[in-house]
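Residue numbers (the working numbering): 8 to 136.
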């Protein structure tokens, strides 16, 4: 069976895409586990009546709750920065913000057209200007 260059290229592209998706899923799962593990441990210890109430334990419980809810804020950022398209666009915007370099125009000035509107008497607004 013969496989042409395009077939090999497509297979390599699909394999690379699967690696990216796998990496993103692993990162999202690890961040989820990191954020939710402390509060789950506290809840388990409380149900077994092994979690004492001290000033430090209450502060730890509050911080654990905040960390768990922070996971919902982190997820969109993770998805964005693990996306190639987002990273490319972010770099482009960063250059403008930090370096002051505007992006190149998407439409060359020669290809742009000027639109005028005619009035009822047959003259155009461009003539009035």
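By construction, the Cβ of each residue, glycine as well, lies at the ideal position given by its N, Cα and C atoms.
When the options are compared against residue i, the one with the closest alpha-carbon
i, options, result
"residue 84", "97, 19 and 72", "97"
"residue 79", "69, 62, 101 and 35", "35"
"residue 62", "56, 70 and 55", "70"
"residue 74", "32, 38 and 64", "38"
"residue 33", "89, 95 and 23", "89"
"residue 40", "105, 82 and 104", "82"
Chain-order list of residues whose beta-carbon lies under 6 Å from that of residue i (same chain, five-residue window excluded)
i, result
"residue 52", "58"
Cβ neighbours of residue i in the same chain (closer than 7 Å, five flanking residues each side left out)
i, result
"residue 137", "The chain is shown from 8 up to 136; residue 137 falls before or after that span and cannot be answered."
"residue 68", "49"
Residue i, buried or exposed, once every other Cβ within 10 Å from all chains shown has been counted against 16
i, result
"residue 42", "buried"
"residue 23", "exposed"
"residue 8", "Per-residue confidence for residue 8 stands at a pLDDT of 48, beneath the threshold of 50, marking its modelled position as unreliable; the derived number appears in the next sentence. Under this definition residue 8 is an exposed residue."
Euclidean distance between Cα positions of residue i and residue j
i, j, result
"residue 55", "residue 72", "19 Å"
"residue 77", "residue 107", "33 Å"
"residue 28", "residue 60", "43 Å"
"residue 91", "residue 25", "13 Å"
"residue 105", "residue 64", "44 Å"
"residue 66", "residue 95", "41 Å"
Neighbourhood of residue i by C-beta, 8 Å cutoff - its chain only, sequence neighbours within 5 removed
i, result
"residue 30", "89"
inquiry  = Counting beta carbon pairs with one atom in the region 18-26 and one in the region 39-52, are three or more of them shorter than 8 Å?
reply    = Verdict: no, contact absent.
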